[in-house]
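Residue numbers (my numbering), protein chains in the order written: chain P, 1 to 95; chain Y, 1 to 95; chain F, 1 to 95; chain V, 1 to 95; chain A, 1 to 95; chain L, 1 to 95; chain X, 1 to 95.
So this is what it looks like as C-alpha cells:
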C-alpha cells in the first residue's frame, strides 16, 4: 500500500540513533533533548501560496533529515512504524 | 438526501480499524493515539484565496485517507454516522 | 421588518430536529453534540478580500444547512427567534 | 460639536428595547443575552486595505442596526450618551 | 526640543475633562471608564503597507481627539507631560 | 570591532537621564515608568516585505530616540554596554 | 558528513565567551543574560515569500554573529556540538 502525504507533509522513517558506546554501554541521555534522524519515504505535492499556486517542496524521498524530537505524529503502514510531519518541522538535510 | 460540504470541508465515512488479533483477542490500544482511516464521501468547492478565487481541493470523493483521531465533527445523515472535517485535517491519501 | 446581515453573516431559522422515536419517547441526547439543522432566511453581501473586493457568498436564502451547535447568536425579529452566524460557521448544504 | 469616528468605526445611538409587557410589567431578561438595537449617527472614512486603499463602509448614518450587547465603548458628546464601535461589531441592518 | 513620532504614532497633549459641577463639587467618576480627550501635537510619517509604501495618516497636528483611557504611554518633553500612542488607538476626531 | 544589526534591528547607546535635582538630591522615580532616551549607533539593512524587498529604515545612526523602558536586549561590545532593539520599539526621534 | 539547514535556518558553532579576568578569576555572570557569540557554519537556501519565491539570506557561512542565549536547538554532527537556529534569531553580524 502506498501513502501520499497531503500538501506540505512528508512521510518519514525514523533512524534510531546509536545510543551505545563502542564498549556497548548504554549512555543515558539525560541532557537537553537532541533532534532525531530520519529518512524521507514520501513527500506531498506542496502547500499552496496565497494565490493558490503550489510551493515546491525542498526535500525529496530518500533525503536523510534531522527533525525535532517532538515533531510529527506516528502512523503504521503495512506493519511499519512511520511518521508524518510538515516540511517546516525538518531542521535540515544530511549528505 | 445529499450533503455538500461548504468551502474546504469534506464529508468522511470512517473505516473502523481491525483491533483484533487473528485469534480474535481485542488489543487494547493504550499506546500513543494513531490516526484514523476513512473514505471521502463528498468534498466542498474549495476555500477562496486572498483574491476571492477558489483553491482547488487536493482530495476527491472515494479517496481513502488518514486523519487525526481528534479531527472533524460527527454528523448523522440518513441514519448513517459520518464526519465533516477540513481538508487540512487530512494527513494523506492511501492507494 | 426586514433584516440584512452585514458582510459574510447569514440569518438562519433553526429547524428543530425530531428527538422522538416513532413511539413518541423522547431520546435523551447524552452523546457527543451533533450539528444543528437550519434554513437560511437572508445573507449578507459578502466579506471583502484584502483588496477590498467583495467575496461572493456560497449560500443563499432558502438553503437548508447544518451548523455547529454552539455557532451564531440568537436574535428575535418580529417575534420570531432566529440566529445570526458567519458563513464560515456553516458546515454544508443539504439537498 | 460634531464627532467623526476614525477608520472603520461608527458612532451609534442606542435604542432602548421595550422591556415591558402591554400591561406595563417589567420582564426580567434572565435568558441568554440578546443583541442591542441602535441607530448610526456617524461613520468613519473606512479602514485601509493592505495596499493602503480605503475600504468603503457598508453602513451609513441613519441606519438602524443590531449589535452585540458587549460591543463598543461608551462616550458622552454634548451631554448625550453614545457608543463607538467598529463596523465589524454590527450584526446587520434593519429596514 | 521637537519630537517626531515614528511610523503611525502620534504625540498627544491630554485635555483634562471638567470633573466639577457648575457649583464646584467634584463628581466622583465611579462609573464605567470613559474615553479621554486630547490634542494632537505631532504625527509620524505613517506605517508602511505590505509593499513597504507609506500609509497616509488620517489625523494631523491640532486635531482634537478621543482615545481610550488606557491607550498610549506617557513621556515628558521640555517639562511637559505628553503621550505617545498609535493612530489606531484614536477613536475619532471632534470638530 | 564593528557590529551590524540584522534586518530591522538597531544598535543603541543609552543616554542616562538626569535623575538629580539641581541641588544634587536623587529623585526616586516611583511613578509610572517613563521611556528611555538613546542614540542610534548602527542600523540594519531593513526587514523584507512580503515580496522579499527591503523596507527602508526610518532612523539612522546618530538619531536621538525615545524607546520603551523594557525594549531591547543588552550587549557589550568592546567593553561598552549597548542595546539591540527593533526599529518598531522606537517611539520617536528628537531633534 | 555535511548538513544543509532547511529554509531560513542556519548552522552555528558557538564561540565560548571569555568569562575570566586577566588574572584568571571566573566572573560569575549573575546579571541579566547577555547574547551569545557564534560562527555560521552553513546556511539554508532561504524561506519562501507569499508567492513561493526564495528570500535571500542576509548571513553567510563564516559570519561571526550574536544571538539570544535561548535561541536555537543543539545538534551533534560528527561529534561536534553545533546549533540550528532561524536567521531571525540572529541579532547582528560582527566584523
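All C-beta atoms in this analysis are idealised placements derived from N, C-alpha and C, irrespective of residue type, glycine included.
Where residue i meets chain V, residues with beta-carbon distance less than 7 Å
i	result
residue 103 of chain A	The structure shown does not extend to residue 103 of chain A, since chain A spans only 1 to 95, so no value can be given for it.
Under 9 Å by beta carbon: chain A residues contacting residue i
i	result
residue 40 of chain L	Residues of chain A passing the Cβ test: none, with the nearest at roughly 12 Å.
residue 84 of chain V	35, 66, 91, 92
Interface flag, residue i vs chain C, CB-CB below 7 Å
i	result
residue 48 of chain L	Chain labels in this structure do not include chain C; the protein chains are P, Y, F, V, A, L and X.
Chain-order list of residues whose beta-carbon lies under 6 Å from that of residue i (same chain, five-residue window excluded)
i	result
residue 52 of chain P	none
residue 94 of chain Y	64
residue 49 of chain V	55
Cβ neighbour criterion (16 or more within 10 Å) applied to residue i
i	result
residue 84 of chain Y	buried
residue 9 of chain X	buried
residue 15 of chain P	exposed
residue 21 of chain X	For residue 21 of chain X, the pLDDT reaches just 45, beneath the cut-off of 50, and the residue's location in the model is therefore unreliable, leaving the point undetermined.
residue 78 of chain Y	exposed
residue 87 of chain F	buried
Cβ neighbours of residue i in the same chain (closer than 7 Å, five flanking residues each side left out)
i	result
residue 43 of chain P	5, 10, 57, 59, 60, 61
residue 25 of chain L	Its pLDDT being 48, under 50, residue 25 of chain L is placed unreliably in this model, and the value from its coordinates should be taken loosely. Here the set comprises nothing.
residue 47 of chain F	7, 8, 55
residue 3 of chain P	11, 42, 77
residue 89 of chain F	67, 68, 71, 72
residue 1 of chain A	77, 78
residue 74 of chain L	81, 83
Contacting residues, own chain, Cβ-Cβ under 8 Å from residue i (five flanking each side not counted)
i	result
residue 12 of chain Y	38, 39, 40, 41, 65, 67, 72, 82, 83, 84, 85
residue 115 of chain Y	The requested residue 115 of chain Y does not occur in the structure, where chain Y is confined to residues 1 to 95.
residue 80 of chain P	13
Interface partners of residue i on chain V, CB under 9 Å
i	result
residue 94 of chain A	1, 2, 3, 4, 77
Listed by chain order, chain F residues near residue i by CB distance under 7 Å
i	result
residue 11 of chain V	Simply none; closest approach about 17 Å.
Listed by chain order, chain P residues near residue i by CB distance under 9 Å
i	result
residue 62 of chain X	Within 9 Å Cβ-Cβ: nothing; residue 62 of chain X doesn't reach chain P, min ~18 Å.
Contacts of residue i in chain P (Cβ-Cβ under 8 Å)
i	result
residue 45 of chain X	58
residue 51 of chain X	49, 50, 51, 53
Residue i beta carbon near the ligand FMN (any heavy atom closer than 6 Å)
i	result
residue 7 of chain L	Of the ligands one can find in the structure shown there are none, so the ligand FMN has no counterpart to examine.
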